[in-house]
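A.B. asks: Here you go, one structure.
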DNA sequence: TAATTTCGATACGTCTGAGTTTCGCAACGG
DNA sequence: CCGTTGCGAAACTCAGACGTATCGAAATTA
C-alpha cells in the first residue's frame with residue numbers, strides 16, 4: 001500500500017507534484033485577490049508567484065481560462081450553520097455570511113470577475129455559480145419556504161422575489177454602499193426592512 | 001461672429017476636428033458595448049474603428065484611462081418623466097427606465113466595467129457615478145421622501161434602506177435573474193413586493 | 001541500475017499593442 | 001500666399017507575454 005496504486009496503475013516516472021498544483025491555484029487566486037483581472041492575469045506572473053516553471057502549468061491546463069475556472073471552483077461556499085429557531089434568525093445568518101465574505105479582498109475580486117466576465121468567459125461563471133452560488137441560493141430558498149409553512153412569512157409570498165429582495169439589497173450595499181466594511185448590524189437591518197415592507 | 005472666437009482667442013492653425021473627437025468617443029463606447037473590457041481595449045482598435053489616426057487620439061488623451069473616463073462620462077442618465085400622481089407610479093417609472101437600459105448591450109457592458117473596475121481604475125468609476133448614477137439616486141430619494149410626507153410610505157421608513165431594497169432588487173435581476181430580457185411586468189412586481197414586505 | 005516522467009529554470013521566436021516619429025495634405029489666421 | 005497647426009496613414013522602437021523547447025536534477029517504477 002505504501003508505494004502502490006490507488007485505482008489506476010501508476011504510469012511510472014516521477015509523479016506530478018500535488019504541492020505544485022496547489023501553489024499554482026493559490027497563486028492564481030492570490031493575484032486575482034489583488035485586483036488583477038482575467039485579461040491582465042499572465043501565466044508568467046502566476047508561475048513566478050507560485051515558484052513554479054511555466055511548463056508545470058501548461059502540463060496541467062492548456063490555457064488561462066481552464067486554469068481560472070478550476071481556481072475559482074475551489075472557492076466553495078462555507079454555508080453558515082442555521083439555528084432553525086426562526087426564519088428571521090436564519091436569514092440574518094445567511095446575510096452575515098455574505099457580509100463577512102465581502103470583507104475579504106479575494107472574495108470581492110472573485111465576485112467582480114464572475115459578475116463582469118459572464119459574457120466573455122461563460123465557462124468561468126458557470127462552474128462558479130454551480131459550486132459556490134447555487135448551494136447558498138438553495139439554502140435561502142429552503143428557509144423562506146419553511147417560513148411560509150410555519151406562518152412566519154406571508155402565505156402568498158413569491159419566493160423568488162423574496163430571495164431577490166434580500167440578496168439584492170445585500171448586493172447593493174456591497175457594491176454601492178458607503179465605502180469601507182459593512183456594518184455588523186446591516187444583515188439585521190436588511191432582514192427587518194425586507195420583512196416589514198415600505199407601505200404603512 | 002461667423003469666423004470668430006468664442007471667449008479665448010483661437011491659437012491659429014487648423015482647429016481640432018470636433019467630428020474626430022466624437023468618432024473616437026463613439027468608437028470607444030462601441031467597442032465597450034461589444035464586451036471588450038478596459039484591459040483588452042486597445043488604442044489601435046479605437047483609432048481604426050473611428051477612422052482616425054492614433055496621433056489624433058494621443059493629441060487629446062495622454063492614456064487609455066483618461067479616454068475611457070471621458071467616454072463613460074458622456075453616458076448621461078436620461079431620467080424618465082415622473083407623473084407625480086402616486087409614489088408607486090413614480091417608483092415603477094424609475095425601475096422601468098433601468099429595465100429598458102438593461103436591454104441595451106452598451107449599458108450593460110458599461111455597468112459591468114463600472115462595477116468591476118471600481119478598485120483598479122477609481123477615476124473611471126468616480127466620474128461615471130457622479131454624472132450618471134447620482135442624478136437617479138437623487139430622483140428616487142425625492143420620490144421616497146415625498147411618499148413619507150404624503151403618507152403613502154411608512155413615516156419611520158429608513159430612506160436609504162428603501163432605496164437599497166428597490167435598486168438592489170432590480171440590480172439582482174439584471175445580473176442573476178433568468179437569462180434574456182427582463183419582463184415588462186418586473187418593475188411593477190418589484191415595487192409591489194417592496195411596498196408590501198414579506199411578513200404576514 | 002535503467003527507463004520514464006516531472007521538476008524549475010531559462011532561452012527562444014512570435015505576436016500584439018504602446019507610444020513616437022515622419023510624411024504629405026488640409027484648414028485655418030494674417 | 002505663408003506660417004502654423006491638425007489630419008490620417010504608415011513606419012518605427014520597445015516592452016510584455018505567449019507557448020515551445022531544452023537543460024540537468026529529482027522522483028519514481030521495474
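Residue numbers (the UniProt record's numbering), protein chains in the order written: chain A, 1 to 200; chain B, 1 to 200. For each residue, glycine too, the CB sits at the ideal point set by N, CA and C. None of the values given here were measured: they were computed from a predicted structure.
Can you list, in chain order, the residues of the region 148-159 of chain A whose Cβ is nearer than 8 angstroms to any Cβ on chain B?
C.D. replies: 151, 152, 153, 154, 155, 157 and 158
A.B. asks: Are the CB atoms of residue 199 (chain A) and residue 45 (chain B) within a distance shorter than 8 angstroms?
C.D. replies: no
A.B. asks: Give, in chain order, every residue of the region 114-131 of chain B whose Cβ lies closer than 7 angstroms to some Cβ of chain A.
C.D. replies: 115, 116, 119 and 120
A.B. asks: With a Cβ-Cβ cutoff of 8 angstroms, do residue 202 (chain A) and residue 98 (chain B) count as a contact?
C.D. replies: Residue 202 (chain A) is absent from the structure shown; chain A starts at 1 and stops at 200.
A.B. asks: Are residue 153 (chain A) and residue 87 (chain A) closer than 8 angstroms when you measure CB to CB?
C.D. replies: yes
A.B. asks: Cβ of residue 40 (chain A) less than 8 angstroms from any chain B Cβ?
C.D. replies: yes
A.B. asks: So the alpha helix (DSSP H) residue 149 (chain A) belongs to, where does it begin and stop?
C.D. replies: 134-150
A.B. asks: Can you give the beta carbon distance from residue 62 (chain B) to residue 80 (chain B), rounded, assuming they're within the 8 angstroms contact cut?
C.D. replies: Not really, about 37 angstroms apart at Cβ, beyond 8 angstroms.
A.B. asks: Which runs of the alpha helix (DSSP H) spanning at least 4 residues fall entirely within the UniProt DNA-binding region "H-T-H motif" (42-61) of chain B, listed in chain order?
C.D. replies: 43-50 and 54-58
A.B. asks: So, with DSSP's three-state summary, where would you put residue 15 (chain A)?
C.D. replies: coil
A.B. asks: Whose Cβ in chain B lies nearer than 7 angstroms to the Cβ of residue 172 (chain A)?
C.D. replies: Contact annotation for residue 172 (chain A) against chain B: 164, 167, 168 and 171 [CB-CB distance below 7 angstroms, chain order].
A.B. asks: Within the 8 angstroms Cβ cut-off, does residue 194 (chain B) reach chain A?
C.D. replies: yes
A.B. asks: Around the C-beta of residue 175 (chain A), are 16 or more other C-beta atoms found within 10 angstroms, so that it is buried, or is it exposed?
C.D. replies: Burial call: buried.
A.B. asks: Count the C-beta pairs between the region 49-67 of chain A and the region 22-31 of chain A that are closer than 8 angstroms, then say yes if the count reaches three, no if not.
C.D. replies: Three or more pairs of CB atoms, one per stretch, sit closer than 8 angstroms, so the region 49-67 of chain A contacts the region 22-31 of chain A.
A.B. asks: What's the call for residue 125 (chain A), buried or exposed, on a 16-neighbour Cβ count within 10 Å?
C.D. replies: buried
A.B. asks: Does the CB of residue 189 (chain B) have a neighbour CB from chain A at under 8 angstroms?
C.D. replies: It does; some Cβ of chain A falls within 8 angstroms.
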